[in-house]
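Enquirer: To convert a position in the sequence shown, counted from 1, into the numbering used here, add 6. Just so it is clear, CB atoms sit at the ideal spot from N, CA and C, and this is done for glycine as well. For clarity, every value in this text was computed on a predicted model and none was experimentally measured.
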Amino acid sequence: MRFLRRVERAGARSAADGGPLAGEEGPRGLRSPARTRPPGPVVVLLATTLAAVAATGAGPAAGAGPERGAGCAGPERLPVPGAEHQRVVCLPDLTTAGLAGTPYTDMADQAGLTAAGTRNPSGVPGRQVDGYFPDDSTFNTTHGWNHDAQFVIRLPERWNGGLVVTGAPGTRKQYATDTAVSDHVLARGYAYAATDKGNSTVDFHQDGKRPGDAVAEWNRRTTELTRAAKKVVAQRYGRAPRRTYVTGLSNGGYLARWQLENRPELYDGGVDWEGSLWTADGPSLLTSLPTAVAHGIGAADDRAMYRAGFARGSEFLWEYHRTAYWGVTQKTYRAEFDPSYDPACPGASAGSTVEEILAPCASDARYDLERRPASVRRALGKVALTGRIGKPLLTLHGDLDTLLPLAADSAVYRRMTDRAGAGRLHRFYTVAGGTHTDGLYDSHPDRLRPILPCHRSAFDALTAWVERGTPPPADRTVARPAGGDVVNSCPLR
Numbered sequence: 007m008r009f010l011r012r013v014e015r016a017g018a019r020s021a022a023d024g025g026p027l028a029g030e031e032g033p034r035g036l037r038s039p040a041r042t043r044p045p046g047p048v049v050v051l052l053a054t055t056l057a058a059v060a061a062t063g064a065g066p067a068a069g070a071g072p073e074r075g076a077g078c079a080g081p082e083r084l085p086v087p088g089a090e091h092q093r094v095v096c097l098p099d100l101t102t103a104g105l106a107g108t109p110y111t112d113m114a115d116q117a118g119l120t121a122a123g124t125r126n127p128s129g130v131p132g133r134q135v136d137g138y139f140p141d142d143s144t145f146n147t148t149h150g151w152n153h154d155a156q157f158v159i160r161l162p163e164r165w166n167g168g169l170v171v172t173g174a175p176g177t178r179k180q181y182a183t184d185t186a187v188s189d190h191v192l193a194r195g196y197a198y199a200a201t202d203k204g205n206s207t208v209d210f211h212q213d214g215k216r217p218g219d220a221v222a223e224w225n226r227r228t229t230e231l232t233r234a235a236k237k238v239v240a241q242r243y244g245r246a247p248r249r250t251y252v253t254g255l256s257n258g259g260y261l262a263r264w265q266l267e268n269r270p271e272l273y274d275g276g277v278d279w280e281g282s283l284w285t286a287d288g289p290s291l292l293t294s295l296p297t298a299v300a301h302g303i304g305a306a307d308d309r310a311m312y313r314a315g316f317a318r319g320s321e322f323l324w325e326y327h328r329t330a331y332w333g334v335t336q337k338t339y340r341a342e343f344d345p346s347y348d349p350a351c352p353g354a355s356a357g358s359t360v361e362e363i364l365a366p367c368a369s370d371a372r373y374d375l376e377r378r379p380a381s382v383r384r385a386l387g388k389v390a391l392t393g394r395i396g397k398p399l400l401t402l403h404g405d406l407d408t409l410l411p412l413a414a415d416s417a418v419y420r421r422m423t424d425r426a427g428a429g430r431l432h433r434f435y436t437v438a439g440g441t442h443t444d445g446l447y448d449s450h451p452d453r454l455r456p457i458l459p460c461h462r463s464a465f466d467a468l469t470a471w472v473e474r475g476t477p478p479p480a481d482r483t484v485a486r487p488a489g490g491d492v493v494n495s496c497p498l499r
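In structure tokens form, the structure reads like this:
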């Protein structure tokens, strides 16, 4: 407990200084056997955040919140197929406006993903189902359950016949995209379901028996929740969803790509918001981030960064990403796919301070995927994308993304869909001034623009394409306007 208090104090100081919050202590050691070692109770918000967060505790309390009550139509019991544990509650408002400060969302886990001026709808009554599927890892401490494979399903009273499924971005958990995705689709009448992907925190790589298992579980958990949520929707409304869409940010965008490639029969389409790209031979985070780590310690120049895919004009974001993203992201994913590279790091990856958690391993500045054994490519192959999508997909990516550079990620994925013969099902929109997390807009409103309103426009374009046959705009760059409300408006046309 003394250690936890020390980390929490460090996180609070970092948040107050405008730096990233590290949360909970993680287990020591490079890899635990067969997913049995419980991590400590806090999380570093990896790969999609590490943005300024006020320390609000490890998660929502188990006892507070809106009262259960009448007002919800349909059956009171809504068993989730395959779930080990669940609870159902009728709530007067399923959006974050009504849930903030209750056990039915976690605002701290959403921090940094949206701009401060984002306007969201509210006043959507309905049922919420929280629970978890069988799992033997315990990274997710939400609700005091200390159990992974947690999910949330929301069922609005006024249903439009559709379902939207997503997975947590970065190493966050099931409530992470409540403001970014859930509020908007619930107000449109969609049922909503989200998963924690089966593992979280910077120690997620300790889940699984073999390299690559932890990320592979993300895909399995998304499929599992989609199938279960469809049946819950049918129980509640008396019929299965007419349309099912998958969407997500960062790792959630990767999940949307993978699902439409490998489980297209479950969905009618998807929106990919800066999804992470995994391929067996590269490009991927493991081919771009080593250059960024090297640059951060003075071992690579700007030209090397440009060759690795980092955009000219993004230099003003490099120092922040050096301290908040590059080191921790590289060493964590390298530990997942290539644990033998440097067993001494991240053996204590969680460290004892925020700075130690975020610091790079010196060895990662020299990491070269091409020189690593074939076993690493086999691990990456478990989760690799192919571009063979079977349903329509719209991709959004900011041209100033400084964690997942556009040139090394979505631009590559667009070419992959073309080579796979699926280009007719794909649209690719470059968002001028967009970066990986919209929260950075508040620090640079003169140079950046949030991607969230573009995501909302893309979702509307997708549904018009699927349901009315209206083709979305062709691939294009969505220019940053000189004026207007860029936080809440982003027409694609």
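(1) With a floor of 3 residues, list each beta strand (DSSP E) that falls wholly inside the stretch 387 to 461, ordered by position along the chain.
(2) Quick one: does the C-beta of TYR326 sit closer than 7 Å to a heavy atom of the ligand ADP?
(3) Buried or exposed for THR476, please, with buried defined as at least 16 other CB atoms from any protein chain shown within 10 angstroms of its CB.
(4) What runs of the alpha helix (DSSP H), each 4 residues or longer, lie entirely inside the stretch 182 to 258?
(5) Relative to the C-alpha of ALA286, which candidate in ALA350, GLN265, PRO217 has its C-alpha closest?
(6) Buried or exposed: where does GLY276 fall if 16 or more other Cβ atoms within 10 Å of its Cβ makes it buried?
(7) Put ARG269 into one of helix, strand or coil per three-state DSSP.
(8) Does DSSP put CYS496 in a helix, a strand or coil?
(9) Specify whether the stretch 429 to 437 and the stretch 478 to 485 touch according to this definition: at least 3 beta carbon pairs, one from each stretch, less than 8 Å apart.
(10) Starting from PHE343, follow the beta strand (DSSP E) in both directions and report where the run begins and ends.
(11) For HIS91, report the span of its alpha helix (DSSP H) as first-last.
(12) Just to confirm my understanding: we take ARG318, look at its own chain, exclude 5 residues before and 5 after, and list those with CB closer than 8 Å. What are they?
(13) Identify which residue in PHE157, SER282, ASP184, GLY195 has its Cα closest to the Cα of ASP115.
(14) If you pair each beta-carbon of the stretch 297 to 317 with each one of the stretch 425 to 435, do three or more pairs fall below 8 Å?
(15) Quick check: what's the CA-CA separation for THR408 versus LEU323?
(16) Tell me the DSSP secondary structure of ILE303 in three-state form.
(17) Taking the C-alpha atoms as reference points, what is the distance between PRO44 and ASP202?
(18) Using three-state DSSP, classify TRP165 as helix, strand or coil.
(19) Between the Cα of SER320 and the Cα atoms of TRP284, GLN212, HIS450, TYR138, which residue gives the shortest distance?
(20) What three-state label does DSSP hand GLY276 in the structure shown?
(21) Measure from the alpha carbon of THR423 to the alpha carbon of each residue in TYR447, THR392, GLY288, TYR110, then state which is nearest.
(22) With a cut-off of 8 Å, do at least 3 Cβ pairs link the stretch 137 to 150 to the stretch 163 to 175?
(23) I'd like to know whether the C-beta atoms of ALA121 and GLY404 end up nearer to each other than 8 Å.
(24) Would you mind sorting GLY244 into buried or exposed? The rule is 16 or more other CB atoms within 10 Å of its CB.
(25) Answer with buried or exposed for GLY427, where buried requires no fewer than 16 other C-beta atoms within 10 angstroms of its C-beta.
(26) Helix, strand or coil: how does DSSP classify VAL382 here?
(27) Hey, how far is the Cα of TRP224 from the Cα of LEU84?
(28) Bridge partners of ARG507, per DSSP?
(29) Is LEU482 helix, strand or coil when you go by DSSP?
(30) Look at the alpha carbon of CYS367 and the alpha carbon of GLN212, and state the distance between them as a whole number of angstroms.
Expert: The relevant details are as follows:
(1) Secondary structure in the stretch 387 to 461: the beta strand (DSSP E) runs of 3 residues or longer, each lying completely within the stretch, are 399 to 404, 432 to 437 in chain order.
(2) This structure lacks the ligand ADP; in fact it carries no ligand of any kind.
(3) Within a 10 Å sphere around the beta-carbon of THR476 sit fewer than 16 other beta-carbons, which makes this residue exposed.
(4) Complete alpha helix (DSSP H) runs here, min 4: 189 to 193, 219 to 243.
(5) For ALA286, the nearest C-alpha among the options comes from PRO217.
(6) Counting Cβ neighbours within 10 Å, GLY276 comes out buried, since at least 16 surround it.
(7) Three-state DSSP puts ARG269 in coil, outside helix and strand.
(8) Note: CYS496 maps to coil in three-state DSSP.
(9) Three or more beta-carbon pairs separated by less than 8 Å link the stretch 429 to 437 to the stretch 478 to 485, which places the two stretches in contact.
(10) Here PHE343 belongs to no beta strand (DSSP E); instead the alpha helix (DSSP H) covers 333 to 343.
(11) No alpha helix (DSSP H) contains HIS91, which is instead part of the beta strand (DSSP E) from 91 to 97.
(12) Result list for ARG318: TYR312, in chain order.
(13) Of the candidates PHE157, SER282, ASP184, GLY195, the residue whose Cα lies closest to the Cα of ASP115 is ASP184.
(14) No, they do not touch.
(15) Rounded to whole angstroms, THR408 to LEU323 spans 7 Å at the Cα level.
(16) DSSP places ILE303 in coil when its eight states are reduced to three.
(17) Below a pLDDT of 50, predicted positions are generally treated as unreliable, and PRO44, at 29, falls in that range; the measurement from the model is reported next regardless. PRO44 and ASP202 have their C-alpha atoms some 16 Å from each other.
(18) Shown here, TRP165 sits in coil according to DSSP, grouped into three states, outside any helix or strand.
(19) Ranking the options by Cα distance to SER320, first place goes to HIS450.
(20) Note: GLY276 maps to strand in three-state DSSP.
(21) If we check each option's Cα against that of THR423, THR392 comes out closest.
(22) The stretch 137 to 150 vs the stretch 163 to 175: no contact.
(23) It is not a contact, given that the beta carbons lie outside the stated cut-off.
(24) GLY244 is classed as exposed because its beta carbon has fewer than 16 other beta carbons within 10 Å across all chains shown.
(25) Flag for GLY427 reads exposed.
(26) It is helical.
(27) If you take the alpha carbons of TRP224 and LEU84, they lie about 24 Å apart.
(28) Residue 507 lies beyond the stretch modelled for the chain, which goes from 7 to 499, so this question has no answer here.
(29) It should be noted that the sequence gives Arg, not Leu, for residue 482. When secondary structure is reduced to three states using DSSP, ARG482 falls in the strand class.
(30) Whole-angstrom Cα-Cα distance: 18 Å.
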